[in-house]
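Take 1 as the starting number for the sequence shown in full-length UniProt numbering and just add one per residue.
C-beta atoms are modelled at their ideal positions from N, C-alpha and C, and glycine is treated no differently.
Computed from a predicted structure; not experimentally measured.
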Amino acid sequence: MAVQEPNQPEAKTNMHPRNKHREGYDFKALIKATPALRPFVRTNEYDNFTINFADPEAVKMLNKALLQYHYGISHWDIPEGFLCPPIPGRADYIHYAADLLASVNEGVVRKGRKVHVLDIGVGANLVYPIVGFKEYGWNFVGSELDLEAMASAQSIVEQNSQLKVAVELRQQGKKADIFKGIIKPGELFDLTICNPPFHASAKEAAAGSARKWDNLGLRKDKQPILNFGGQNTELWYPGGEAAFLKLMAAQSKPFEKQVLWFTTLVSKKENLRVLYNALQKEGVKDVQTINMSQGQKVSRIMAWTFLTPVEQQDRGKRNHDL
1 MAVQEPNQPE AKTNMHPRNK HREGYDFKAL IKATPALRPF VRTNEYDNFT
51 INFADPEAVK MLNKALLQYH YGISHWDIPE GFLCPPIPGR ADYIHYAADL
101 LASVNEGVVR KGRKVHVLDI GVGANLVYPI VGFKEYGWNF VGSELDLEAM
151 ASAQSIVEQN SQLKVAVELR QQGKKADIFK GIIKPGELFD LTICNPPFHA
201 SAKEAAAGSA RKWDNLGLRK DKQPILNFGG QNTELWYPGG EAAFLKLMAA
251 QSKPFEKQVL WFTTLVSKKE NLRVLYNALQ KEGVKDVQTI NMSQGQKVSR
301 IMAWTFLTPV EQQDRGKRNH DL
């Protein structure tokens, strides 16, 4: 394995070509943008800068610095225990989603606030709307079930004036209703995105947390916590990821003419077939699977539409007003 020059960021060339994080974390630049990151930065065995990714505070501070340096977000925070996602992976999803929209717009990436995106389960961190707006100028609606997460996301919007014009948050009334009550009558979306819960129970989520803790080389007798945090609604759903994906497939059907592309992350490869079969039962016109990779982690986006190819091209080239 090649050794990087001292303190140089490690390139992540398997990321999307437009991803700002392909060249790794430039800690010198990040510290300059966010000096509070400095105490969390150390050198590894290759004399490269890094942080302790098992430390939730270090991960949160890294996210603050990334959002400040790359996306101009000066005020960002989340309550203790909420999901603190790796920014590069979230950015990858947004860029691949942009390519999906371009596929029905003669290959041209659509930019501007007339592109309307629904983020299902926006969370306390608001990362998808931040990246989507700052990279492409898209307009976002974020749905959220958890009241504390909703308040956190709203606080980020309020403290960053540029987000106020582009991000609207809507309370999800029932856990079982993914789109109902969120998508309004006559409202059109170019895209929906989702990072679904992938555990089947709190116990399974805790076991996954313990595995991550051990993989980070920490003592097994320590209390296991997820290095990126997460509340119950973020981490688990009765029946796990497969059950959530089947529900999403069924509930997308009533909104078949209001959404150009429905999309979701699928963390478990075996659930691709589960979702595909569910979508076939609903009569979708097109299903696409997009592979993503960040280092050793492999994930997938599954996208579907109920629109015919002619309708896709028509919707993909038109600007819509909500």
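For residue i, three-class secondary structure by DSSP
| i | result |
| --- | --- |
| Leu-191 | strand |
| Lys-174 | coil |
| Gln-294 | strand |
| Phe-306 | coil |
| Ser-252 | helix |
| Arg-273 | helix |
| Gln-258 | coil |
| Glu-45 | coil |
| Arg-300 | strand |
| Lys-78 | Correcting the residue type first, residue 78 is Ile in the shown sequence and not Lys. Three-state DSSP puts Ile-78 in coil, outside helix and strand. |
| Glu-168 | strand |
| Ile-87 | helix |
| Asp-92 | helix |
| Asp-286 | strand |
| Leu-30 | helix |
| Ile-182 | coil |
| Ile-51 | strand |
| Leu-145 | coil |
Neighbourhood of residue i by C-beta distance below 8 Å, restricted to the same chain and skipping five residues each side
| i | result |
| --- | --- |
| Ile-183 | Leu-118, Phe-189, Phe-255, Gln-258 and Val-259 |
| Lys-164 | Val-157 and Glu-158 |
| His-21 | Lys-12, Met-15, Leu-66, His-70, Ile-87, Pro-88 and Ala-91 |
| Val-109 | Ala-98, Asp-99, Leu-101, Ala-102 and Tyr-136 |
| Lys-64 | Thr-34, Ala-36, Leu-37, Trp-76 and Asp-77 |
| Glu-144 | Gly-121, Val-122, Gly-123, Met-150, Ala-153, Leu-169, Arg-170, Gln-171 and Gln-172 |
Beta-carbon proximity list for residue i, same chain, < 6 Å, skipping 5 on both sides
| i | result |
| --- | --- |
| Arg-38 | Ile-31 |
| Val-167 | Pro-129, Phe-140 and Val-157 |
| Ser-152 | Ile-78, Pro-79 and Ala-124 |
| Lys-317 | Asn-105 |
| Gly-181 | Gly-173 |
| Lys-253 | Glu-282 |
| Ser-293 | Asn-14 |
| Val-310 | none |
Residues near residue i in its chain [Cβ-Cβ closer than 7 Å; skip 5 each side]
| i | result |
| --- | --- |
| Gly-132 | Ile-94, Val-117, Trp-138 and Phe-140 |
| Val-127 | Pro-85, Ile-87 and Arg-90 |
| Lys-285 | Thr-305, Phe-306, Leu-307 and Thr-308 |
| Ala-249 | Leu-275, Ala-278, Leu-279 and Glu-282 |
| residue 326 | The structure shown does not extend to residue 326, since the chain spans only 1 to 322, so no value can be given for it. |
Any non-hydrogen atom of the ligand SAM closer than 7 Å to residue i Cβ
| i | result |
| --- | --- |
| Met-248 | Inclusion of the ligand SAM in the displayed structure is not the case, the ligand content being empty and no account of it being possible. |
Straight-line Cα distance separating residue j from residue i
| i | j | result |
| --- | --- | --- |
| Lys-203 | Arg-273 | Residue confidence is low: Lys-203 scores 49 on pLDDT, short of 50, so the model does not pin down where it sits. No coordinate-derived value is stated. |
| Gln-172 | Gly-121 | 9 Å |
| Asp-99 | Asn-48 | 33 Å |
| Ser-299 | Thr-34 | 30 Å |
| Thr-263 | Asp-55 | 31 Å |
| Asn-19 | Glu-57 | 25 Å |
| Asn-195 | Gly-72 | 24 Å |
| Gln-288 | Leu-265 | 12 Å |
| Gly-112 | Gln-162 | 14 Å |
| Lys-114 | Lys-134 | 14 Å |
| Lys-297 | Leu-169 | 30 Å |
| Ser-74 | Ser-155 | 12 Å |
| Val-41 | Met-150 | 31 Å |
Point to revise | Every unbroken alpha helix (DSSP H) within the region 104 to 142, with a cutoff of 4 residues, ordered by chain | key: The region 104 to 142 contains these whole alpha helix (DSSP H) runs: 127 to 136.
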